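Student:
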Amino acid sequence: MPCLLAGAAYAALLYSAKAPWSRRLNYGLAALRFVVVSFLSFLLLSPFLNTTTTTTEKPTIVLAVDNSQSVALFTPRPVLSQATGGLRELAAALQAKGFTVETRPLAGPALAADSLRFTAPATDLNALLSGIQESYDGRNLAGVVLASDGIVNQGQSPTFAEFRFPIYSLALGDTVPKKDLSLPALTYNRVAFSGNRFPLEADLTYDGFAGGAAVVQLRENGRVLQTRRVALPAGQRRTKVAFTVVAPAPGKRRYEVVVERQAGEFTALNNSKFAYIEVVKGKLRVLLAGAAPHPDLKALRAAIQGNDNFDLVSYLPGISPLKAGQDYDVAILHQLPARSGVGAEVLAEVRRRRIPALYVLGAQSDFGAYNALGTGLTVQPRGSQTDDVTPTLNPAFSRFTFEEDALRRFAAYPPAPVPFGDYRLGGGAEAALWQQVGRVRTQKPLLVFGGTPQQRQATLLTEGSWQWRLQEAVEHDDRPEAYDRLVNRTLQLLTQNANKKRLDVYPTQDAFNSQDDVTFTAETYNTIFERIYGQQITLTLTDEQQKTRTFTYTTTEDGAPLHLGVLPGGLYRYVARATLSGQPQQDRGEVLVQEQQLEALQSRADHNLLYQLARRSNSRLYFPQQLQQLTDDILKADYKPVIYSQEDLKDLINLKWLFFVLLALATLEWATRKYSGGV
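Rendered as structure tokens:
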């Protein structure tokens, strides 16, 4: 009422005086002003609309169809035709009774029941049912008709999952076992050390050959390495065949396990399996030699023993002598050569075998003998004076990287003594760390890498690094990671073979099926085998007919693989090329694409799985000839539509059309007054 009174007062005030237009027009203009002012006043009270919307959702039945190849391969054709035709009739009957019916295959979008093609290369029933549950969460899902042979060869079994809807199982396939031998899986370690023996175990399954024997061979490149005659015990369907192989020289190896086909066998597609082994060199043997007992030796030993890739052997004159006949991959020579002449046999062994070496210089070092070793660094000390320094990074050093956390820890290290004198770096030598005296960063080297390609060498110019590890352990809960990484990366760089592969390209699976998307993973490394990214790789794939395909790929930190798509069955050889740090790198190998399907590994349907799924949801198992009974049971369950109501509060002032109505009324009033001679 106050809003109406405000509108009436406003109109009376404006239109009560004598006007130059007719009385009838005056009443009309007053009415317009009354409506506009009254409604604007009403909007100031923030009125709202309360609307209730109701919707009705029909009950939905989803036909979850296992359209895998095993259904078409092992279901008798008349039975499969009866099942697909019955599903169409089921859908039509339910739709006529007010149901919404949707057909979901193993993969891909929903489709019509008459559009099914049994071509899926694998079966993951749990993913199929879980996807339906997620899609229909909160909706009127009456139930799911699962048409399948019960064979699951991907993902987990659906019997371990909980589903919030009834499952009506429709059994397809054939439970009569076929006479067949197969190798469903191989068990082996992907990496083996060169010269070591490693096991390779094959799972052998059999139907129709119990009580007999099978011949299983281990082959490499078509050459038979070992042959086993395996008994097939009665009362079982599975046995294991074990091979023991001696790992050859380092590199990738492809072994094939084959069971010979027997008379009457249903298929030989599943009679072979491939194993891919990466053979690597054994642990690196480190010689830690010192001129005399010293805290540095304990710190270095602790850093090295924390890395499983190293075996440590110690030498101290008169305490731990050098053992004859042992081979070493790298040596740490603490204050050797020494002024006392001790350790001459160690130095002779290092020179004779050209063992990479890390020299740690100190008060006992013979600098003249050291300068003659050709490490890439020449030291001319001035008497016995020393400087107390801490390590600081050389930004130009790129052979390996230092983490930000490591640099912060370096800055907190206590000063360690280094010889005071003149230093000169030779050709090819590079400083990884400079000396920092107090707060002054110098260009004097602290850790230097040099030597020749035949014998890499490094030099640490302090015998006080033990203080660094001790201080770091105290401040970081006994975790001196920066010191240990520095020692280990130094040894890795020294032992890094100049010809060793820094580009590693390999398939993401041991073998692919001909329906799979073939994918490769590529890894690129710097000079000490740290991962680097953003490197472009060219992959050339050659099939058995010498036809080539070329792909390009850039490594990323998220590890995204290179997708080659679907390839025909066969053995492919690949060559990958990249340029890393200005040096060309190459990797090569093989990838197998098998015509053998996962769906061919098991021919016997698993109706027990379907029965369990149905029983857990208080339903039952049906067969194709019982589809009419299935239709009747769904209708008897009397699933009802669900009515949803939703209230919505909306401020009236937010309705845009009201603005335009008010604007039109105000414009009409103004235009009429102007036309009639008013203001």
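Start counting at 1 in the sequence shown, then tack on 5, and there's your number in my numbering. Where is the CB? At the ideal position from N, CA and C, for every residue including glycine. Since this is a predicted model, take the numbers as computed values, not measurements.
Check the C-beta distance from Leu508 over to Gln591 and give it rounded, since I have them as a contact under 8 Å.
Tutor: 7 Å
Student: Does the distance from the C-beta atom of Val451 to that of Leu438 stay below 7 Å?
Tutor: The amino acid occupying residue 451 in the given sequence is Leu; Val does not appear at that position. The beta carbons of Leu451 and Leu438 sit closer together than 7 Å.
Student: Enumerate, from N- to C-terminal direction, the unbroken beta strand (DSSP E) stretches of 3 or more residues contained entirely within the region 278-365.
Tutor: Secondary structure within the region 278-365: the beta strand (DSSP E) runs of 3 or more consecutive residues, fully enclosed, are 289-295, 315-320, 335-339, 362-365 (chain order).
Student: Roughly how many angstroms lie between the CA atoms of Leu10 and Phe39, to the nearest whole one?
Tutor: 9 Å
Student: Do you know how far the Cα of Lys288 is from the Cα of Asn314?
Tutor: 5 Å
Student: Do Ala362 and Val355 have their CB atoms nearer than 7 Å?
Tutor: yes
Student: So is Ala503 buried or exposed if we call it buried at 16+ other beta carbons inside 10 Å?
Tutor: Low local confidence applies: a pLDDT of 48 at Ala503 is under 50, so the model's placement there is unreliable, with the coordinate-based value given in what follows. If you draw a 10 Å sphere on the C-beta of Ala503, you find fewer than 16 other C-beta atoms in it, and that means exposed.
Student: Leaving out the 5 sequence neighbours to the left and right, which residues in its chain are closer than 8 Å to Gln634 when beta-carbon positions are compared?
Tutor: Answer for Gln634: Tyr627, listed in chain order.
Student: Does the region 234-252 come into contact with the region 197-204, if we say contact requires no fewer than three beta-carbon pairs (one atom in each stretch) closer than 8 Å?
Tutor: yes
Student: So the beta strand (DSSP E) Lys655 belongs to, where does it begin and stop?
Tutor: 647-656
Student: Following the continuous beta strand (DSSP E) through Ile542, name the residue where it begins and the one where it ends.
Tutor: Per DSSP, Ile542 belongs to the beta strand (DSSP E) from 541-547.
Student: In this structure, does DSSP put Ala605 in helix, strand or coil?
Tutor: In the three-state scheme derived from DSSP, where H, G and I count as helix and E and B as strand, Ala605 is classed as helix.
Student: Quick one: residues in its chain with C-beta nearer than 7 Å to the C-beta of Phe372, no 5 flanking neighbours on either side, listed in chain order?
Tutor: Val384, Pro386
Student: What residues in its chain sit with their C-beta under 7 Å from that of Pro298, if we drop five residues either side in the sequence?
Tutor: Leu321
Student: My understanding is that Pro126 touches Leu603, with C-beta atoms under 8 Å, so please give their C-beta distance in whole angstroms.
Tutor: 6 Å
Student: Just to check my reading of the structure: Lys449 and Tyr428 have Cβ atoms closer than 8 Å, yes? What is that Cβ distance to the nearest angstrom?
Tutor: Under the criterion of beta carbons closer than 8 Å, Lys449 and Tyr428 qualify as touching, at roughly 6 Å.
Student: Given this structure, state the Cα-to-Cα distance separating Ala88 from Leu95, to the nearest angstrom.
Tutor: Going from the Cα of Ala88 to the Cα of Leu95 covers about 10 Å.
Student: So, do the region 298-309 and the region 467-475 have three or more beta carbon pairs nearer to each other than 8 Å?
Tutor: yes
Student: Please give me, in chain order, every unbroken run of the beta strand (DSSP E) with length at least 3 that falls completely inside the region 123-183.
Tutor: 146-153, 172-176
Student: Which residue's Cα is closest to the Cα of Val284: Gln541, Ala254, Tyr488?
Tutor: Ala254
Student: Just to confirm, is the Cβ distance from Ser187 to Leu606 under 7 Å?
Tutor: yes
Student: Would you call Glu674 buried or exposed, if buried means 16 or more other Cβ atoms sit within 10 Å of its Cβ?
Tutor: buried
Student: Apart from the five residues on each side of it in sequence, which residues of its chain come closer than 6 Å, Cβ to Cβ, to Gly213?
Tutor: Lys184
Student: Excluding the five sequence neighbours on either side, which residues of its own chain have a C-beta within less than 7 Å of the C-beta of Leu48, listed in chain order?
Tutor: Leu657, Ile658
Student: In or out: Ala349 buried (at least 16 other Cβ within 10 Å) or exposed?
Tutor: exposed
Student: Spatial neighbours of Leu576 within its chain, please: CB distance less than 7 Å, with the 5 preceding and 5 following residues excluded, ordered by chain position.
Tutor: Glu549, Glu595, Leu597
Student: Can you tell me whether DSSP reads Asp638 as helix, strand or coil?
Tutor: In this structure, Asp638 counts as helix in the three-state DSSP scheme.
Student: Whose C-beta lies closer than 7 Å to the C-beta of Ala98 among residues of the same chain, with five residues either side of it excluded?
Tutor: Thr636
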